[in-house]
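Enquirer: The following block contains the structure, expressed as structure tokens.
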Amino acid sequence: MAYICGRDGAEMEEVYDIGIKYNEMELPEAEGLRCPECGMEFLMEDLVTGELNDAEAMLEAK
Ligand SMILES: [Zn+2]
Numbered sequence: 018m019a020y021i022c023g024r025d026g027a028e029m030e031e032v033y034d035i036g037i038k039y040n041e042m043e044l045p046e047a048e049g050l051r052c053p054e055c056g057m058e059f060l061m062e063d064l065v066t067g068e069l070n071d072a073e074a075m076l077e078a079k
């Protein structure tokens, strides 16, 4: 399945080294998509399951 960047219409590349900084935490590098044109990154988890949103809700509840 191909994902197209919403900014410039380039086909996004599958990568495995997306660095995540989340609030104060640095999370392990993750699988995701990166646009070769503008460098925008998406987390695969975020695209497929919305897991990051669940984590956000959990963290904010503490
Ligand atoms: Zn782009």
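Note that the numbering used here has the sequence shown beginning at 18, numbered continuously upward. A virtual CB, placed ideally from N, CA and C, is assigned to each residue, including glycine.
(1) For Asp34, which residues in the same chain have their Cβ closer than 6 Å to its Cβ, ignoring the five residues on either side in sequence?
(2) Here's the rule: buried if 16 or more other CB atoms are within 10 angstroms of the residue's CB, otherwise exposed. What is Met42?
(3) Pick out whichever of Glu62, Val32 and Gly56 has its Cα sitting closest to the Cα of Gly23.
(4) Apart from the five residues just before and just after Met61, which ones in its own chain have a Cβ nearer than 6 Å to its Cβ?
Expert: On the basis of the data shown:
(1) Your numbering for residue 34 matches position 17 in the sequence shown. Cβ within range, chain order: Glu46.
(2) To locate residue 42, count along the sequence shown from 1; it is residue 25. Flag for Met42 reads exposed.
(3) Residue mapping note: residue 23 aligns to position 6 of the sequence shown, counting from 1. Minimum Cα-Cα distance from Gly23 among the listed residues Glu62, Val32 and Gly56 corresponds to Gly56.
(4) Numbered from its first residue, the sequence shown carries residue 61 at position 44. In the same chain as Met61, and ignoring 5 residues on each side of it, the C-beta atoms closer than 6 Å to its own belong to Glu48 and Gly49, in chain order.
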